[in-house]
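Residue numbers (our numbering), protein chains in the order written: chain P, -9 to 163; chain D, 2 to 110. Encoded as structure tokens, the structure appears first; notes follow it.
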Amino acid sequence: MFKNILAATFLLGLAGTAAIAADAKISDPQIAHIAYTAGQIDVTAAEQALKKSKNTDVIEFAKTMERDHKAVNEQALALVKKLKVTPEDNKVSKSLNAQATKELAKLGALDGSAFDKAYVDNEVAYHKAVNSALADQLIPSAKNAELKSLLETGLALFKEHQMHAEHLAGMTK
Amino acid sequence: MDAMKAIRAPVIVAGLLLMASGTAAPAAEYQIVVAKMKFGSPPDRLHVGDVIVWRNDDIFHHTATARDASFDIDLPAKSQARMTIERVGAVKFYCRLHPMMTGELNVQP
């Protein structure tokens, strides 16, 4: 039931992770692709916020999202290069991208405080969803120890970002 | 040979005394490690004049910033910075870039 509710909302893409893990074992190249995609989506969202927002707190938050997720993704790229792994596109990544494109368009139509609120609310939901996917699916499924460790770093980061976003959501109400 | 021993003994004693006075001296150096988006626990007994080395092991940029603005240490990824404690009292600190990362220094005279 809970899964159905998730699937019906923004979390559609990430709920798909459970399906993949249950159907066929999710591979490290797929996990790397999903994690990189999840980070890149948040960088793109931050870039949009930096163009549109005039709220200092929102701008500072977006700068942090951009900086941190770029840092993780740089590490991810260095790791896949070192491991000679080619990240593999998959239905979770595709679904995440499709959802993110819709969200960008939705937010693109908003301005001022309406934009700030929608961006921050989305950041809360997005980080929450990615946290669950990392903790419940991606980290347990990862076989390579270095990949697992980087995902754990990502989870620690996403958790702080989620709390930061929640704090900000309380201020932008 | 006996004379050598006689000379050596006081030197060793002096060395031990120096070491003992070194550890008991008021100024000490402590490290607070920032890792996995958390500040490590600050030492229990801090005194004015002690040095804190903030060491950022994360791949993320952090700061160690006092709520009362008494210090603001910039900590780029994989860097460290030293700070001498200048005042007595409890000082709450946080990371300006990640405000959910917090801690507190308790400084005695």
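Beta carbons: idealized from backbone N, C-alpha and C, even for Gly.
For a Cβ distance threshold of 8 Å, residue set HIS154 and HIS157 of chain P lies close to PRO100 of chain D, ordered along the chain.
ASP45 of chain D sits exposed, since fewer than 16 C-beta atoms from the chains shown fall within 10 Å of its C-beta. Under DSSP, ILE53 of chain D forms a beta bridge with D:TYR31 and D:MET84.
ALA146 of chain P belongs to the set of residues whose beta carbon lies under 9 Å from a beta carbon in chain D. Chain order gives no chain D residues near THR162 of chain P, where near means a beta carbon separation below 8 Å; the closest approach is about 15 Å.
Excluding five sequence positions before and after ALA22 of chain P, the CB atoms of its chain that fall closer than 6 Å to its own CB belong to VAL70 and PRO77, given in chain order.
PHE61 of chain D carries a coil assignment under DSSP once its states are collapsed to helix, strand and coil.
Relative to the Cα of ALA159 of chain P, the nearest Cα in the group P:SER83, P:ALA115 and P:THR27 belongs to P:ALA115. DSSP, reduced to helix, strand and coil, places LYS60 of chain P within a helical segment of the structure shown. Residue burial annotation: GLU30 of chain D is exposed, with fewer than 16 other C-beta atoms found within 10 angstroms of its C-beta.
When secondary structure is reduced to three states using DSSP, LYS15 of chain P falls in the coil class, being assigned neither helix nor strand. Remark: C-beta atoms of ILE60 of chain D and GLU50 of chain P do not approach each other more closely than 9 Å.
Taking a C-beta distance under 9 Å as the contact criterion, HIS157 of chain P and MET55 of chain P do not qualify as a contact pair. No residue range can be given for LEU100 of chain P, since it is assigned to no alpha helix (DSSP H) and is classified by DSSP as neither H nor E. Counting the other CB atoms within 10 Å of its CB gives LEU76 of chain D a total of 16 or more, which places it among the buried residues.
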